[in-house]
Amino acid sequence: MAQKPSIPKGTRDFNPEQVAKRNYIFNVIQTNFQRFGFQPIETPSFENSDTLMGKYGEEGDRLIFKILNSGDYLSKVEDTLYTSKDATKMTSRISEKALRYDLTVPFARYVVQHQNEIEFPFKRYQIQPVWRADRPQKGRFREFYQCDADVVGSTSLFQEIEFIQLYDAVFSALKLDGVTIKINNRKILSGIAEVIGASDKLIDFTVALDKLDKIGEEKVKEEMRSKGIAQSGIDTLQPLFSLTGDFESQIESLKGILNTSEEGKKGIEELEFINEGIKALQLETAILQLDVTLARGLNYYTGAIFEVSAPKNVKMGSIGGGGRYDDLTGIFGMKDVSGVGISFGLDRIYLVLEELHLFPETVSKTIDVLFINFGDAEALFCLKAIKELRNHGLNAELYPDKITNGKHMKKQMNHANKRGIPFVVLVGTDEMNANTYTLKNMVTGEQLKLSLTGLIASLK
RNA sequence: GUGAUUGUAGCUCAGCUGGUUAGAGCAUCGGUUUGUGGUACCGAGGGUCGCGGGUUCGAAUCCCGUCUUUCACCCCA
Numbered sequence: 001m002a003q004k005p006s007i008p009k010g011t012r013d014f015n016p017e018q019v020a021k022r023n024y025i026f027n028v029i030q031t032n033f034q035r036f037g038f039q040p041i042e043t044p045s046f047e048n049s050d051t052l053m054g055k056y057g058e059e060g061d062r063l064i065f066k067i068l069n070s071g072d073y074l075s076k077v078e079d080t081l082y083t084s085k086d087a088t089k090m091t092s093r094i095s096e097k098a099l100r101y102d103l104t105v106p107f108a109r110y111v112v113q114h115q116n117e118i119e120f121p122f123k124r125y126q127i128q129p130v131w132r133a134d135r136p137q138k139g140r141f142r143e144f145y146q147c148d149a150d151v152v153g154s155t156s157l158f159q160e161i162e163f164i165q166l167y168d169a170v171f172s173a174l175k176l177d178g179v180t181i182k183i184n185n186r187k188i189l190s191g192i193a194e195v196i197g198a199s200d201k202l203i204d205f206t207v208a209l210d211k212l213d214k215i216g217e218e219k220v221k222e223e224m225r226s227k228g229i230a231q232s233g234i235d236t237l238q239p240l241f242s243l244t245g246d247f248e249s250q251i252e253s254l255k256g257i258l259n260t261s262e263e264g265k266k267g268i269e270e271l272e273f274i275n276e277g278i279k280a281l282q283l284e285t286a287i288l289q290l291d292v293t294l295a296r297g298l299n300y301y302t303g304a305i306f307e308v309s310a311p312k313n314v315k316m317g318s319i320g321g322g323g324r325y326d327d328l329t330g331i332f333g334m335k336d337v338s339g340v341g342i343s344f345g346l347d348r349i350y351l352v353l354e355e356l357h358l359f360p361e362t363v364s365k366t367i368d369v370l371f372i373n374f375g376d377a378e379a380l381f382c383l384k385a386i387k388e389l390r391n392h393g394l395n396a397e398l399y400p401d402k403i404t405n406g407k408h409m410k411k412q413m414n415h416a417n418k419r420g421i422p423f424v425v426l427v428g429t430d431e432m433n434a435n436t437y438t439l440k441n442m443v444t445g446e447q448l449k450l451s452l453t454g455l456i457a458s459l460k
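Just so we're aligned, residue 1 is where the first sequence starts under the working numbering, counting upward by one.
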């Protein structure tokens, strides 16, 4: 229906049921954020372009939605620039604002800007939408929510341990069993790159390594060769491709590979510390797994890297990620502030819960009881009762239109049925005269004549 | 950004190699049922076949473009 209105690709409308389900997830995440001591902040939907541009790599810049300047913005562009048709140069001249791409960079900006008001270490959480000019796919949207928790101003590795606990707490509360929290450390990746003499190609190297479980060993080696990594280096990597077993045994293998790299050894130390902590504290339902091929995430991670995968029976990209960044605020001129944080992908968590039927049935129930509207006098009588019910914490409402000529009772009952309202109250002249209420259970069909106090008691 | 894919009633989909007034189920509305919904029966409304252009005597059907959907790559929540 081309005539009908539409919304841009990668965006969605949410109906009442969907909003109820999303709020359920929000509430669980928010409750746990607060339980772990995080405080909320909010930042604007759009930032100055130079705050965002260049922070996510070349690929990221391409995916940032730019906002056109107001007014007659083309008149300020020189003819030479205009005719050169250089989009990158042109963009910076006609667009000075952009929609935020994630919550971490705006948060870094916030910390630098408000550094004198903030009490460090600062633990904040932020639940807001972000925008990416990506092509939509399963679980990929152009507008989606991130739920971030970060700590800045502490280098303590106990923060990493806390974040793993936080992931576990949230997913356990959502009854999403069997999520895998993958952990790696940037220092390990740097160490490996150093050992194979490819320190200058760290990004290419890690991007290739990250694809191991997807495209296989041979293709990864091929990609590394095509990026100019020496064959001798790739041969040195061999033990890495066959790295298996539990956390401890993988660590042992890594020690063998990285014994000449100081940075690598530091990474191993950090991982061991975190693993010891988690072993002592235990996780409820999540599984912590060392994954040396985990390299995803932004260029700014310097220590731990996290990624959360949905249970294996669901085909979905990561539902959360995060890591340690030692110098994020440095890009805004504030040195030596270490930060670490994690993010929950609300929209993907929603899809996973939906697929596994894990939403509690009660999430979309909004109203406890509907009063049938027999007429003006009855309606007024009902509204008095409704007021009482509301004061007792019950969600109650009157059907707005009255029954005319005895008709439309069916319509009102139907309405209650369709909305899944569990109880209906009928008050006609008989009830009104006797000061009683007929309570009907919409599931069983059972009806009771009750006083107002009886009504309240039955509904509570 | 690269390569595919989808688009017919509010929803899910039929519609054979182009041929008279484009169908079904569900949903909606009305009736059977003027104090009782969820099941039943009867009936009604609702579509310029995504949009634009082209080929043809004739296009939902073929061609081109465009938008949209879904998927893979890139990248990522």
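Don't be surprised by glycine CBs; every beta carbon is placed ideally from N, CA and C.
Query, Result
"So what does residue 180 bridge to, in DSSP terms?", "287 and 309"
"Mapping DSSP to helix, strand and coil, what is residue 1?", "At residue 1 the pLDDT is 35, less than 50, meaning the model places this residue with poor confidence; the figure from the coordinates comes in the next sentence. In the structure shown, residue 1 sits in coil (DSSP, three-state: anything other than H, G, I, E or B)."
"Let me know the beta strand (DSSP E) ranges lying completely inside the segment 14 to 72, each 3 residues or longer, listed in chain order.", "46 to 48"
"Going residue by residue through the segment 78 to 119, where are the continuous alpha helix (DSSP H) segments of at least 4 residues, counting only ones entirely within it?", "79 to 84, 87 to 94 and 104 to 113"
"According to the neighbour-count rule (16 or more other Cβ atoms, all chains shown, within 10 Å of its Cβ), is residue 377 buried or exposed?", "exposed"
"From 339, 312, 316 and 314, pick the residue whose C-alpha is nearest to that of residue 303; which is it?", "339"
"With DSSP as the reference, please indicate the residues paired to residue 149 in a beta bridge.", "125 and 342"
"What runs of the alpha helix (DSSP H), each 4 residues or longer, lie entirely inside the segment 205 to 264?", "212 to 215, 217 to 226, 231 to 236, 238 to 241 and 247 to 257"
"Among the residues of its own chain, which have a CB less than 8 Å from the CB of residue 168, if the five just before and after it don't count?", "181, 283, 284, 285 and 286"
"Starting from residue 187, follow the beta strand (DSSP E) in both directions and report where the run begins and ends.", "Looking at the DSSP string, residue 187 is not in any beta strand (DSSP E); the run it does join, the alpha helix (DSSP H), is 186 to 195."
"State the Cα-Cα distance for the pair residue 64 and residue 104, rounded to the nearest angstrom.", "14 Å"
"Who are the near neighbours of residue 135 in its chain, counting only those whose CB is closer than 7 Å to its CB and skipping five residues on each side?", "none"
"When we look at the beta-carbon of residue 54 and count the other beta-carbons within 10 Å, is it buried (16 or more) or exposed?", "exposed"
"Along the chain, where does the alpha helix (DSSP H) containing residue 459 start, and where does it finish?", "452 to 459"
"Can you pull the DSSP bridge partners for residue 397?", "370"
"Taking the alpha carbon of residue 156 as the point to measure from, which residue in 315, 60 and 326 has its own alpha carbon closest?", "326"
"When we look at the beta-carbon of residue 17 and count the other beta-carbons within 10 Å, is it buried (16 or more) or exposed?", "exposed"
"Would you grab the beta carbon distance between residue 293 and residue 209 for me? Rounded to a whole angstrom, and I think it's under 8 Å.", "5 Å"
"Is there contact between the segment 450 to 459 and the segment 418 to 437, where contact requires at least three CB pairs shorter than 8 Å?", "yes"
"Which of the three DSSP states, helix, strand or coil, is assigned to residue 267?", "helix"
"If I follow the unbroken alpha helix (DSSP H) through residue 170, where does it start and stop?", "158 to 173"
"Return helix, strand or coil for residue 446, following the three-state DSSP convention.", "coil"
"Run through DSSP, which three-state label would residue 423 get?", "strand"
"Beta carbon of residue 296, beta carbon of residue 316: below 7 Å?", "no"
"Does the Cβ of residue 165 have 16 or more other Cβ atoms within 10 Å, making it buried, or fewer, making it exposed?", "buried"
"Pull up the distance between the alpha-carbon of residue 281 and that of residue 251, whole angstroms please.", "20 Å"
"Quick one, which of 418, 458, 288 and 299 has its alpha-carbon nearest residue 60's?", "299"
"At which residues does the beta strand (DSSP E) containing residue 440 begin and terminate?", "437 to 441"
"Can you give me the start and stop residues for the beta strand (DSSP E) that residue 324 sits inside?", "320 to 325"
"Quick check: is any heavy atom of the ligand MG less than 6 Å from the C-beta of residue 178?", "In the structure shown, the ligand MG is absent, as is every other ligand, since no ligand is present at all."
"Could you check which residue in 355, 343 and 362 has the C-alpha nearest to that of residue 314?", "355"
"On the DSSP bridge list, what partners appear for residue 130?", "144"
"For the segment 140 to 160 and the segment 108 to 123, state whether three or more C-beta atom pairs, one from each stretch, are separated by less than 8 Å.", "yes"
"From residue 268 to residue 342, what does the alpha carbon distance come to, in whole angstroms?", "21 Å"
"Under the rule that 16 or more other beta-carbon atoms within 10 Å means buried, what is residue 2, buried or exposed?", "Confidence at residue 2 is low in this model, with a pLDDT of 35, below 50, so the placement of that residue should be treated as unreliable; the coordinate-derived value is given next. Looking at its Cβ environment, which holds fewer than 16 other Cβ atoms inside 10 Å, residue 2 is exposed."
"Taking the alpha-carbon positions, what's the residue 198 to residue 189 distance?", "11 Å"
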